[in-house]
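Note sheet for the following structure.
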Amino acid sequence: MKWSEIPRPAKAYILYHTLISPQLIVWYLMPLYMLKTGYSVMDVGALFTLVNIAFVPLTYLIGRFFNRYPLKHGLILIDVLDGIAYVLYSLAYGAMSSLMLFAGRLVEKISSLFYPLYQAYEQIIYPRDRYEEIYAWHLRLPEVSQLMGFLILGYLFSYVWNTPHHYRMAFLFFGLFSIVTVSYLYVFLPAVGKQERITPQGWRFPPIGEYGFLLLVEGLRTLAWALVPGFVLIYYVVTHLKHTLFHVMLIEAGMSLTTILATYVSERIPSERGMLVIGLGFLLETVNVGVMSFSPSLMWVVIAYALGRFGDALSFPFYRTWIFSFIPRERTSEFHSALSSYNRLIGLISPAIAGFLAALHPALPYRVGLILLPVVAGLFIYKSR
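Now the structure itself:
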């Protein structure tokens with residue numbers, strides 16, 4: 000699918016993700032800031048868990064609310080809340096440090112409650128008969144932006160602006176940058192109201208087994224990756240290997256390159272092979288955590304994460320298309336929100352567990368994840384038959 004063939008609203012949505020991708024470095028910068036200012040990896044995990052506990056049911060309720068209102072309003076709210084969270088992080092110093100970090104993470108967590116609206120918006124705004132092709136572009140352009148942005152910012156925050164004060168100024172900048180992204184959303188993205196969510200005539204609910212299978216694989220995958228969040232990678236590279244944020248960004252660069260490669264490969268795979276591709280994608284993710292479980296050097300960390308991301312990106316268009324195939328359009332936001340609530344419930348206390356395991360040994364969270372991902376891969380490979 001050529002860029003010129005993509006509908007204008009879908010182009011605007013993809014370019015929005017391209018615009019915001021570099022600022023996702025905050026997801027690494029915030030736990031690194033905590034580690035640099037005296038918090039332990041167990042403290043980071045405990046903070047993330049405390050914020051998780053309060054918000055499991057709210058995700059589904061938000062999804063129901065946006066069944067009746069334009070999804071664009073929810074996307075704007077995400078950026079507004081993220082901007083507030085980053086500004087609060089910039090105030091985390093002195094006696095108020097712990098309070099501001101908790102408040103910022105709390106607001107950021109509230110923002111994440113609206114993330115299912117992204118999938119709901121995509122299901123409506125992307126052409127239904129071209130999901131696999133358009134998701135290649137959906138991954139490709141933001142990854143190019145993130146590749147360049149992460150390397151530049153990673154170098155600056157490691158060797159030029161590498162003090163806690165500099166990190167706080169970065170949080171403030173990213174917080175104020177939300178003014179730009181909110182303006183972009185307001186001007187360029189269509190509202191997508193309820194009238195766009197009419198289910199085609201003849202649609203029927205699939206057998207309950209399809210939903211059961213989805214819940215099973217989502218649960219296993221969520222639990223596996225919940226035990227190796229971004230702060231575990233930061234802790235491993237910076238504390239265990241004695242490297243810098245820039246080296247973490249080299250890992251991210253490897254993942255971006257393989258993601259871009261996977262988007263071109265996935266376009267050439269027939270859609271009827273989707274289930275097999277999803278299973279193979281999970282096998283590559285298993286290789287990722289398998290290599291990490293042996294406490295590898297930086298070079299092997301880069302290779303492991305690059306292979307895992309290649310598998311994830313290769314299977315992503317087919318996984319999304321499979322889910323979208325049995326979700327009625329008028330229930331998109333509610334369904335994706337319910338699924339997100341389910342995943343949050345599974346990962347409720349996983350950050351604290353991940354922090355505890357990492358404190359015992361930096362590779363231990365990966366060894367636990369290694370038990371779960373092969374099961375998911377096997378289920379999809381079996382289903383493909």
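Its first residue numbered 0, the sequence shown is counted upward by one per residue in numbering that gives the first Met the number 0.
The C-beta atom is built at its ideal place from N, Cα and C for all residues, glycine as well.
Predicted model only: the values in this text are computed from it and were never measured.
Same chain, Cβ closer than 6 Å to residue i, neighbours up to 5 away in sequence not counted
i	result
Val50	Arg104, Leu105 and Lys108
Thr36	Pro163
Ala252	Leu146 and Leu150
Ile345	Gly218, Thr221 and Leu222
Leu152	Ile24
Gly44	Pro350, Ala351, Ala353 and Gly354
Straight-line gap, residue i to residue j (C-alpha atoms, nearest Å)
i	j	result
Ser339	Pro115	7 Å
Ser349	Phe230	12 Å
Ile123	Tyr134	13 Å
Tyr154	Leu175	22 Å
Ile259	Arg139	5 Å
Val86	Leu171	5 Å
Thr180	Arg384	44 Å
Pro141	Gly310	18 Å
Pro205	Phe325	Model confidence at Pro205 stands at a pLDDT of 47, short of 50, so the residue's coordinates are unreliable; what they give is reported in the following sentence. Going by the C-alpha atoms only, they are around 6 Å apart.
Leu188	Ala9	9 Å
Ala11	Ala358	43 Å
Tyr381	Leu275	8 Å
Val290	Leu28	25 Å
Ala84	Ser110	9 Å
Nearest-angstrom beta carbon gap, residue j and residue i [assumed within contact, 8 Å]
i	j	result
Val79	Ser177	6 Å
Leu46	Leu112	With 8 Å as the limit, Leu46 and Leu112 do not qualify as a contact, their Cβ atoms being about 18 Å apart.
Val301	Leu256	Between Leu256 and Val301 the Cβ distance is about 10 Å, and since that is not below 8 Å, they are no contact.
Tyr341	Tyr166	Not a contact, Cβ separation roughly 34 Å.
Val367	Leu378	Incorrect: roughly 19 Å between the Cβ atoms, too far for contact.
Close-in-space but distant-in-sequence residues of the same chain around residue i (CB under 7 Å, 5 per side omitted)
i	result
Gln406	Residue 406 lies beyond the stretch modelled for the chain, which goes from 0 to 384, so this question has no answer here.
Phe403	Beyond the ends of the chain as shown, which are 0 and 384, falls residue 403; an answer cannot be given.
Ala261	Phe309, Ala312 and Leu313
Residue i - containing alpha helix (DSSP H), residue span
i	result
Thr320	Leu297 to Phe323
Val181	Pro163 to Phe187
Ala376	Leu363 to Ser383
Asp128	Taken as a continuous stretch (DSSP letters only), Asp128 belongs to no alpha helix (DSSP H), as it is neither H nor E.
Lys10	Arg7 to Ile19
Tyr85	Leu70 to Ser89
Ile348	Ile348 -> no alpha helix (DSSP H), and no H or E assigned at all.
Gly93	No alpha helix (DSSP H) contains Gly93, which DSSP labels as neither H nor E.
Pro30	Val25 to Lys35
Contacts around residue i, its chain only, beta-carbon distance under 8 Å, and the 5 residues preceding and following it disregarded
i	result
Val264	Leu313
Met0	Arg129, Glu132, Ile133, Ala135, Trp136 and Glu266
His407	The chain is shown only over 0 to 384; residue 407 falls outside these bounds and no answer can be derived.
Next on the checklist: I'd like the ranges of any alpha helix (DSSP H) spanning at least 4 consecutive residues and lying wholly in the region 259 to 302.
Outcome noted: 273 to 291
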